[in-house]
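**Q** The sequence shown lines up with residues 262 to 435 when you count with the numbering used here.
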Amino acid sequence: MLTATATTASTTTTTTTASTGTVSNDTTAPAESLRSELPQLGQRLDARRLSDHAGTDRRDAVRLLEDVYGAEDVVFGRGEPFRWRLRTLRDLNVELVNSAVTTDRRGDLDGSGWLTLGWTACGGVGIDTGADRVVTEPGIPVVFPVDRPYSVVVPAGVHWCASTSGSWRPSGQS
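Quick look at the structure:
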């Protein structure tokens, strides 16, 4: 395993390469520099975090997607060669996710109150199963369920999600 760390006045970047072919980069503002850069009156603290993960191991991809999306039972298709990449940019309230996978994937998610918009570059995402199944159109953002668990079937390719946190509730619910 090879690990390299570079630190500047306001960011730390760590890159780890394992024998599985997984590469991860996280860029955050370290605590000690945050203390020295406390915002003055009228300024905001920059709490953005960027992460970039990529690899060729399906098990690594499953673990990461289950962690990032709070998903369960994530399964990838059988296409070879298998490659994946997941990039996130987040702050205290908003998360932007870009993922690319060479095979289709499926999994079960919990809406958990996050308002999430998702879209694909090509192919449609199947949301739910049976009579409730909806298939999205490429390039058109859709809102994923926020008040119940749901399942997805996602085609191979590039996908985007934008999520907001907080106590958001659909109208008519308290």
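Cβ coordinates follow ideal geometry from the N, Cα and C atoms, glycine included. The structure presented is a predicted model; accordingly, all values stated were derived computationally and were not measured.
Candidates T397, D334 and S312: which alpha carbon is nearest V438's?
**A** The structure shown has nothing for residue 438, since the chain only spans 262 to 435.
**Q** Is it right to say A382 is buried, meaning 16 or more other beta carbons lie within 10 angstroms of its own, or is it exposed?
**A** A382 is exposed by the Cβ-count criterion.
**Q** Helix, strand or coil for D318? Go by DSSP, reduced to three states.
**A** Here D318 sits in coil by DSSP.
**Q** Under the rule that 16 or more other beta-carbon atoms within 10 Å means buried, what is P253, buried or exposed?
**A** As displayed, the chain neither begins before 262 nor continues past 435, which places residue 253 out of reach and without an answer.
**Q** Threshold first: 4 residues or longer. Then list the alpha helix (DSSP H) segments lying entirely within the stretch 334-361, N to C.
**A** none
**Q** Per the DSSP calculation, D437 is bridged to which residue(s)?
**A** This structure leaves residue 437 out entirely; the chain is present only between 262 and 435.
**Q** Identify whether A308 lies in helix, strand or coil by the three-state DSSP scheme.
**A** coil
**Q** Quick check: what's the CA-CA separation for P410 versus C422?
**A** 17 Å
**Q** On the three-state DSSP scale, how would you describe V386?
**A** Here V386 carries a coil assignment [DSSP, helix/strand/coil].
**Q** Just confirm the distance between the C-beta atoms of L376 and S412, as a whole number of angstroms; I'd bet it's less than 8 Å.
**A** Contact flag wrong, Cβ pair sits at about 19 Å.
**Q** Is it right to say A322 is buried, meaning 16 or more other beta carbons lie within 10 angstroms of its own, or is it exposed?
**A** Per the 10 Å Cβ criterion, buried.
**Q** Would you tell me roughly how many angstroms separate the C-alpha atoms of F343 and L353, rounded to the nearest one?
**A** 33 Å
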